[in-house]
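Numbering (my numbering), first residue to last: 297 to 470. Cβ coordinates follow ideal geometry from the N, Cα and C atoms, glycine included.
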């Protein structure tokens with residue numbers, strides 16, 4: 297039974313992130329290493345640039361010079377990644393790969409957690425996490441793609457809208 301794949305950070309020449317990622321994908325496919333090297337990711341964000349009074353959406357790298365690789369660390373997988381043209385090595389002490397922690401992965405937003413929602417707009421929910429833990433409210437808006445829900449909570453005799461993550465609320469059991 298192979299060990300579980302973890303996310304590692306690979307350092308590349310600046311500007312070569314996409315080339316390293318595509319070369320690595322081709323190598324993995326050609327050598328049938330999909331069970332060892334499972335995912336390759338160049339984290340990007342979409343930003344709106346205003347140039348010459350024109351708005352444009354531009355995709356920008358969040359970490360220039362780095363590629364994230366989800367793999368099972370073996371001598372073979374290490375060798376394959378390390379010897380891709382444009383790759384300068386793994387991030388870690390003396391090029392010894394150190395996997396990212398679960399917290400780092402969730403902060404980077406690399407892996408999308410699938411959250412099952414058992415409530416809908418108009419339903420009564422309990423807030424189960426965060427500063428309003430223990431409060432009850434009514435769902436006003438639900439956005440599964442953005443992982444957020446707006447709940448109307450009655451505080452101090454006033455209706456107050458509160459933005460929460462989907463897993464911070466659960467349906468009231470009747």
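Boundaries of the alpha helix (DSSP H) in which residue i is found, first to last residue
i, result
"residue 373", "371–378"
"residue 317", "313–326"
"residue 401", "398–404"
Distance, residue j Cα to residue i Cα
i, j, result
"residue 439", "residue 300", "32 Å"
"residue 360", "residue 312", "9 Å"
"residue 370", "residue 396", "16 Å"
"residue 402", "residue 341", "16 Å"
"residue 551", "residue 469", "No answer is possible for residue 551: the residues shown for the chain start at 297 and end at 470."
"residue 314", "residue 338", "7 Å"
"residue 308", "residue 398", "23 Å"
"residue 433", "residue 441", "21 Å"
Burial state of residue i (16 or more Cβ within 10 Å)
i, result
"residue 367", "buried"
"residue 392", "exposed"
"residue 358", "exposed"
"residue 456", "exposed"
"residue 310", "exposed"
"residue 394", "exposed"
Beta-carbon proximity list for residue i, same chain, < 6 Å, skipping 5 on both sides
i, result
"residue 297", "Confidence at residue 297 is low in this model, with a pLDDT of 40, below 50, so the placement of that residue should be treated as unreliable; the coordinate-derived value is given next. If we look at residue 297 and ignore the five residues flanking it on each side, it has no Cβ neighbours."
"residue 343", "354 and 356"
Own chain residues within Cβ distance below 8 Å of residue i, not counting five before or after
i, result
"residue 327", "376"
First through last residue of the beta strand (DSSP E) which encompasses residue i
i, result
"residue 450", "444–451"
"residue 416", "Segment: none, residue 416 is in no beta strand (DSSP E) and carries neither H nor E."
"residue 359", "Note, residue 359: premise wrong, no beta strand (DSSP E); not H, not E."
Beta-carbon contacts of residue i that lie in its chain and below 7 Å, excluding the five residues immediately before and after
i, result
"residue 380", "316, 319, 320 and 323"
"residue 351", "344"
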